[in-house]
Amino acid sequence: MDFSFNEEQEMLRKSARQFLEDECPKKFVRDMEEDEKGYSPELWKRMAELGWMGLLLPEEYGGLGGNFLDLTALLEEMGRALLPGPFLPTTVYSSLPILHYGTEEQKREFLPKIAEGKLIMTLAITEPSGRFDEAGIETKAIRSNNDYLITGTKLLVPDAHIADWFLCAAKEGEGITLFLIDAKTPGINCTLLKTLAADKQCEVILDNAKVPARNILGKSGAGWEIASKIEQWGAIAQCALISGCLQQVLEMTVDYTKERMQFGKLIGSFQAIQHQCADMAIDVDAVKFITYEAAWKLSQKLPATIEVSRAKAWTSDASRRVCLTGHRIHGGLGLTEDHDMQLYFRRAKAMELAFGDGDFHREIVAKELGL
Amino acid sequence: MDFSFNEEQEMLRKSARQFLEDECPKKFVRDMEEDEKGYSPELWKRMAELGWMGLLLPEEYGGLGGNFLDLTALLEEMGRALLPGPFLPTTVYSSLPILHYGTEEQKREFLPKIAEGKLIMTLAITEPSGRFDEAGIETKAIRSNNDYLITGTKLLVPDAHIADWFLCAAKEGEGITLFLIDAKTPGINCTLLKTLAADKQCEVILDNAKVPARNILGKSGAGWEIASKIEQWGAIAQCALISGCLQQVLEMTVDYTKERMQFGKLIGSFQAIQHQCADMAIDVDAVKFITYEAAWKLSQKLPATIEVSRAKAWTSDASRRVCLTGHRIHGGLGLTEDHDMQLYFRRAKAMELAFGDGDFHREIVAKELGL
Amino acid sequence: MDFGFSPEQEKFRQEIHEFLENDADAKGAKEEWAAGNGYGPHTWVIMKKLGARGWLTPAWPKEYGGLGLPAMYRALAMEEMDYFTGRGSRGVLCGIGMTGTVLLGHGSEEQKREYLLRISRGEIDFALGYTEPEAGSDLANLSIKAEDKGDYFLVNGQKMFNTACHYAQYHWLGARTQVVEPKYKGISLFIVDLKTPGITIIPIQALGFKTNQIFYDNVKVPKNCLVGELNRGFYYIMEALDHERTYTTSRLNGELEKLIQYAKTSGKSKDPIIRQKLAQLSTEMEIAKLFALRIPWMLDRGMRPTPEAAILKVFYAELQQRVINTAQQILSPYGQLKKDSKWAQLDGEFELEYTASLEGIITRGTCEVMRNIIALRKLGLPAR
Amino acid sequence: MDFGFSPEQEKFRQEIHEFLENDADAKGAKEEWAAGNGYGPHTWVIMKKLGARGWLTPAWPKEYGGLGLPAMYRALAMEEMDYFTGRGSRGVLCGIGMTGTVLLGHGSEEQKREYLLRISRGEIDFALGYTEPEAGSDLANLSIKAEDKGDYFLVNGQKMFNTACHYAQYHWLGARTQVVEPKYKGISLFIVDLKTPGITIIPIQALGFKTNQIFYDNVKVPKNCLVGELNRGFYYIMEALDHERTYTTSRLNGELEKLIQYAKTSGKSKDPIIRQKLAQLSTEMEIAKLFALRIPWMLDRGMRPTPEAAILKVFYAELQQRVINTAQQILSPYGQLKKDSKWAQLDGEFELEYTASLEGIITRGTCEVMRNIIALRKLGLPAR
């Protein structure tokens, strides 16, 4: 048993925090909410130089050979800073599946470019059904000689408007196939949606988009296995982001209770506030541990279905509780757009929903328990 | 809109409180937990003299012609006093169905005796399935000339061991029929179960118990309609008991916070305790209003399915919350058998479960909402 | 007991209902409020139309533009107006709820004549001027200073979150007229024309609504603008707050009804977990309704519903959070899409409400302060 | 990070597991504890068997009967013992957790020799003697008086809820040796032989367990029974309480496993609502396990886990309530049937637990006191 990050991870965390404090202040976060791209190519390049895009990739593809716990340390800092942009879509949702399921040719084509920060990718799974399971996929892929013609609507695709390539799930006969699709393919139409978090989620309509058969990731018809794995990785990555986000909400809130006077006292001396803060602290510790445990399992390449779903179930709910308490304690001030509290509150909702909310993951846990 | 009991109801409540404070002190409640009968025939007689057994019965059958709101006022006091014994089984579960669905002959046979306190009855519906719906009934009634032979097992039958007659649901073909059964009928075997609340719930086994066809209540095969109605009446009666019970837990707990010193202060001055008490008070007010509203609908002979289920759903859950907070605040003292707090805690559970818990009634509410 | 309304009450409600349903300005006002900006031109028109019928202040005496009816009628009118005007017009407006209530009880005859009729006719409104940067829950700590200069009061200082400043004509100002312990004994109330020289209004954009900061720089306020007695303002505020905490549930109930309808049409109502949640919300909504109606019922019996208003406020605000969260879950993942986005459901209402509803647990007394009131005033727990 | 155990740790755990599974006295002890009476003859036998193997105190130095292992081994041993001894042996026993911890740190060499070996061998146990009628959460308020009479301390007063008094040999007594402000600076700790003349023990039946009131009437306690320094007792108590709040989760987890199994075999697991509840409990149980293991992990790193023990206590106690209530729901309506009743399910375990579990939210520091500790000690919020 060891509940601490190792030295390298602590160093990564420390340098990431410093870097993001400098490069991703809240002003930048606010600007990116307004910005149409929603990210800074300049910052993207610098992150690539730090090796972040290739953190989980082997050295042969230009990566650092890190594991999921390394990633967790980094993501916690990104969550704390509310870093906008296509980091997860490009890395966890795209480079990881290519690394694990791609052909050698695909790996050589995509991974080094991703590691260098020269390629932005994203994942197009969700459809109008809003479901996270295989039955939710209605986009169709029809074989035509050496190509596929893909038609359907993908929703809430993160950063699709700036992505160079998509990893897209489509129904081929009774199975699901995953395709690597060039964003410039004719027949693809991308519309930015307007969201609570002002993150950049898109509608992507594919109308007979032609994709060469060699761009299948994994096996034809066996794509859902990969998609499930991506959803697991995605879920735990969201947990790590939330963890960093909530840690910051807790700190910000506790700090405020030590400054704000009401009724002639610091509000942090009121038992009602103390107990609310205590409950936040319990939630945050729980979020960390349950997330770390799942990330550790993944880093050890152990089966982690139940651990990931436990983490996402707990974290999704805790996220709402902690942010709401943060707002309660900050009072009117936290409601103003100038205050950071509302940034965290809005982002937390997007993370809660991404890759399934509490009820969704509890049902997976139930299945894993043999219920 | 009027949220108050009328003058007569207030008088009934006041006299009931005085009577029960004198006749049903906690020592009596404790004695009855140990007592095999679980009630006092002497007290039963005195309650009958006060007209309580006939409260809801018309004057022609020896009753007082009261309505469900009158009953609510009385039951709140019984809940407050934790009155043991077969009051609800005899009145709400038995005399009311006879009044509403019985033949004139049945009414004349049973109702005056009940009103005079000379007949104890109970309801035998629940079976080993533990369900509260029609599908839970497997006890069989087989016609044999002018009689029925009834075979099956009834569980958690309140006060069956002292009942003179049972109102019993059995399956006749595809329908359910209700029978009035003399407890002395050969083939009936009654075993007292041991329960958390030390109330007297029984297993009743019927082995070819012979019941004359004229003892059918209502129509053959149409008994579930009556049973549903009884379950509604039973549920709202339990709500009224809980309401009185929780009011007393609140008062007892608030009083304790005004006496108990810790850290040099009355514990009632700690904000954590204040907020817990405030939440108890909110719960208790909500229990009352949602219960009164349903009772009012019943007293007006308006459809009340959704109101009753809302009341039982809310009240069942609030009951657990309020009693648990009562224990939290009473600390170690409340855990001792000499303290009244644990009496309320144990009884509340039985009332929560009787006629369906929160989840069960929420599903009824959902159906009524057209979901 | 009686959980129904009288035929007269039903008729009264129905008249307002039909009027609002058919009036074009009512629809326009609804859109103005939905944008979070408060009164716009349609709102002013509809307020005047409502005022002309006495519906803004049915419980006021006829001489001041009311209908002389019991408080229960006021509740019914508010329910109808809230249901139609939608978010923003939660409960009462400052002019009717605070200014009107205090003036009726403590205003001079001159003030009553000057303001009450215009309020009841919907011609003017007031911006609530209590909160300051250092006086939120702790209202008694307010520090904006009003000095008695013989002919006038000289006011200096600032206020935060004075939401109606950008459209109201008057400021309903709580200011310090004496430095004294306990602090609440040195507060007085004033009516200040917002066009008085020296007043600066700075807009603040908050989650889902627009509010303001307001600065007083040597503002001269005439003597006759003092309301009631000097230094008694805090008592008046507390008294009237019981009115401002008078929520109506029709708007939130309307949202729940939309949600239930959405669950039915989308097929999500088949999910037993969602059924449980909606049934629970519907139960809690019924309780909130009863808590809300208890207030006018008590007022009509001459009782002061202080802890009961606190119970309503806590229960309503926390229920609102549960409704919004269940909505987000049922709409998931579409709940995060804004009103004017493609694929937004139910006109993006619950995206907006997700943030805008936060205001409910904080303003007009936090839930924590409300629980203190319940503990002290209803249960009689010791203050220290 | 590492969320697994080493092969040595697994082996250690397995040995204890197998021993307890196969030992007849372990089963007897389990029944004794289940009856809520504490130690019976089988318990004394099993304690000695465990003690002989060093398993009662694996983290103590070898010279005092320990195995000189890290605290993590103690946690593993406790987990196994709790799983098998069932309810009642929650966490640590006073002799091991409180007396042992304090003596190791502050006892005289004579005391260590006199008591530690006998504790570690399972030969003796201590009754925790802190709580008094007027000193529950407010331990510093204890008033039982120990007067220094030169040759001995003269003790007068009473204690409440001293659970082990009817089977332990010694009383681990916190008594007032000085009347002083702040009160906690006048408390000392003593080891008192429960057979000392002047001691009267009155049994109290509580929900699901037996406890005692104990009266001291001019009891003479020898000077060498004072533990550590005079008037430093409160510091020792606080230090050791971090140990007493070291819960293991194996017992509660065992209950949850039974419940999950019951849901499967009874078909209730098909109900989506019950699936949700069990999945949630299983998630929370995992968190509780990690919170529990954090304590020995910190102790092994020389850290003092005060707020972390408080987090564990709150989370565990409140989780226990949720487990019991979900059990009642799943077993409904059979959950109310007692162990020896016809139709009782799962041996009536959850009927017993429904009341017995209440103790968890109250004793060893209420959840409220724990939240204070988290706020002050972990988050650094101001005390006043």
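Which chain is which? The protein sequence lines are F, C, R and P, in order.
Quick note, my numbering runs 66 ahead of the 1-based positions in the first sequence.
Quick note, my numbering runs 66 ahead of the 1-based positions in the second sequence.
Quick note, my numbering runs 727 ahead of the 1-based positions in the third sequence.
Quick note, my numbering runs 727 ahead of the 1-based positions in the fourth sequence.
All C-beta atoms, glycine included, are put in the ideal place defined by N, C-alpha and C.
Predicted, not measured: the structure shown is a model, and the values here were computed from it.
Distance between residue j and residue i (C-alpha atoms, nearest Å)
i, j, result
"P:Asp969", "P:Ile1038", "11 Å"
"C:Glu99", "C:Asn212", "41 Å"
"P:Leu934", "C:Leu116", "36 Å"
"R:Ser816", "R:Gly763", "Interpretation of R:Ser816 is limited by its pLDDT of 46, a score under 50 that renders its predicted location unreliable; the figure taken from the coordinates is listed afterwards. Taking the straight line joining both Cα atoms gives about 10 Å."
"P:Tyr943", "P:Gln905", "18 Å"
"R:Gly818", "C:Asp425", "Residue confidence is low: R:Gly818 scores 44 on pLDDT, short of 50, so the model does not pin down where it sits. No coordinate-derived value is stated."
"P:Tyr791", "P:Lys775", "15 Å"
"P:Lys950", "P:Phe880", "6 Å"
"P:Asp875", "P:Asn945", "12 Å"
"P:Glu1013", "C:Glu204", "41 Å"
"C:Met318", "P:Ile1089", "18 Å"
"F:Val315", "F:Met407", "7 Å"
Residue i, enclosing alpha helix (DSSP H) - first and last residue
i, result
"R:Asn980", "Ser977 to Ser993"
"P:Glu745", "Pro734 to Asn749"
"F:Thr138", "Phe134 to Ala147"
"F:Cys343", "Gln337 to Ser365"
"F:Ala201", "Element bounds for F:Ala201: n/a, residue is neither H nor E."
Beta-carbon neighbours of residue i, restricted to chain P and to distances below 7 Å
i, result
"F:Thr323", "Leu1108"
Strand pairing of residue i, partner residues [DSSP]
i, result
"R:Ala933", "F:Thr402 and R:Phe936"
"F:Asp213", "F:Ser210 and F:Pro278"
"F:Pro224", "F:Gln267"
"C:Thr257", "C:Glu269"
Interface partners of residue i on chain B, CB under 9 Å
i, result
"C:Ser385", "No chain B is present in this structure, whose protein chains are F, C, R and P."
beta-carbon residue i near the ligand GTP non-hydrogen atom, thresh 7 Å
i, result
"C:Met77", "This structure lacks the ligand GTP, and indeed carries no ligand of any kind."
Within chain R, partners of residue i - CB distance below 8 Å
i, result
"C:Trp380", "Thr1010, Glu1011 and Ile1014"
Closer than 9 Å at the beta carbon, the chain F residues around residue i
i, result
"R:Glu1086", "Gly398 and Leu401"
Unbroken beta strand (DSSP E) run spanning residue i, endpoints
i, result
"C:Cys234", "Trp231 to Glu238"
"F:Leu244", "Gly241 to Asp248"
Within chain C, the residues that residue i reaches when beta carbons sit closer than 7 Å
i, result
"R:Met728", "Asp68, Phe69, Ser70, Phe71, Leu135, Tyr358 and Trp362"
"P:Ala933", "Leu401, Thr402 and Glu403"
Chain P contact residues for residue i, given Cβ-Cβ distances below 8 Å
i, result
"F:Leu435", "Ile987, Leu1005, Ala1006 and Ser1009"
Just by C-beta distance, which residues in the stretch 985-1004 of chain P are closer than 7 Å to chain R? Of all residues in the stretch 985-1004 of chain P, only Pro999, Ile1000 and Gln1003 place a beta-carbon less than 7 Å from a beta-carbon of chain R.
What are the residues in the stretch 327-351 of chain C lying within 9 Å of chain F by C-beta distance? In summary, the residues of the stretch 327-351 of chain C whose CB is separated from some CB of chain F by less than 9 Å are Phe336, Gln337, Ala338, Ile339, Gln340 and His341, in the order they occur in the chain.
If the cut-off is 7 Å on Cβ atoms, which residues from the stretch 1028-1050 of chain R count as contacting chain C, listed in chain order? Taking 7 Å as the Cβ-Cβ cut-off against chain C, the residues of the stretch 1028-1050 of chain R that qualify are Ile1038, Val1041 and Phe1042.
Relative to chain C, which residues along the stretch 1088-1101 of chain R have a C-beta separation below 7 Å, given in chain order? Residues of the stretch 1088-1101 of chain R with a C-beta atom less than 7 Å from some C-beta of chain C are Arg1098, Asn1099 and Ile1101, listed in chain order.
To be precise: take each residue of the stretch 1053-1070 of chain P, compare its Cβ to all Cβ atoms of chain C, and keep it if any distance is under 9 Å. Which residues remain? Against chain C - using a Cβ distance shorter than 9 Å - the residues of the stretch 1053-1070 of chain P are Gln1055, Gln1056, Leu1058, Ser1059, Pro1060, Tyr1061, Gly1062, Gln1063, Leu1064, Lys1065, Lys1066, Asp1067, Ser1068, Lys1069 and Trp1070.
Beta carbons nearer than 7 Å to chain P: which residues of the stretch 295-320 of chain F have them? Closer than 7 Å at the C-beta level to chain P, one finds these residues of the stretch 295-320 of chain F: Val320.
Using Cβ-Cβ distances below 7 Å, what residues of the stretch 367-379 of chain F are close to chain P? Within the stretch 367-379 of chain F, the qualifying residues are Arg376 and Ala379.
If you measure beta-carbon to beta-carbon, which residues of the stretch 852-868 of chain R are closer than 9 Å to chain F? Residues Thr858, Pro860, Glu861, Ala862, Gly863, Ser864, Asp865, Ala867 and Asn868.
Tell me which residues of the stretch 152-168 of chain C have at least one Cβ-Cβ distance to chain P shorter than 7 Å, keeping chain order. Of all residues in the stretch 152-168 of chain C, none has a Cβ within less than 7 Å of some Cβ in chain P.
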